[in-house]
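Here's the structure, in structure tokens; my notes come after.
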Amino acid sequence: MIATNYRYVVKAPGIRSGHAIVEGTRIGVHDVVAMIQTGATVDDVVASFPRLSRAQVYECLAYYEDHKSEIDPLVAAQTAHADE
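Residue numbers (the numbering used here): 17 to 100.
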């Protein structure tokens, strides 16, 4: 696998338990992925998180494609919590 540098996605200790977030926000990659997996469009995500650009949302999806084993459990936990 080729190492990929991400312009917008970072991990910051102490923010969202160190999980991948959009830089300058507390919005997790898993938050974006969960919305997309439940049928939201990129435009829906941007409308829900006005601080995000379309480019940032697409980068979250690219990060997810490269790190599914990291993000899938977070999405599953979030989805399970939302169903309660």
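Ideal Cβ positions, reconstructed from N, Cα and C, are used throughout, including at glycine.
Count the C-beta pairs between the region 21-37 and the region 53-60 that are closer than 8 Å, then say yes if the count reaches three, no if not.
no
Out of curiosity, what's the CA-to-CA distance linking Ala-96 and Met-51?
13 Å
Span of the alpha helix (DSSP H) around Ile-52
45-53
Cβ-based burial, Gly-44 [other Cβ within 10 Å; buried from 16]
buried
Go ahead and label Ile-87 buried or exposed: buried means 16 or more other beta carbons lie within 10 angstroms of its beta carbon, across all protein chains shown.
buried
Run of the beta strand (DSSP E) containing Ala-36, from where it starts to where it stops:
36-38
Mark Glu-75 as exposed unless 16 or more other C-beta atoms lie within 10 angstroms of its C-beta, in which case mark it buried.
buried
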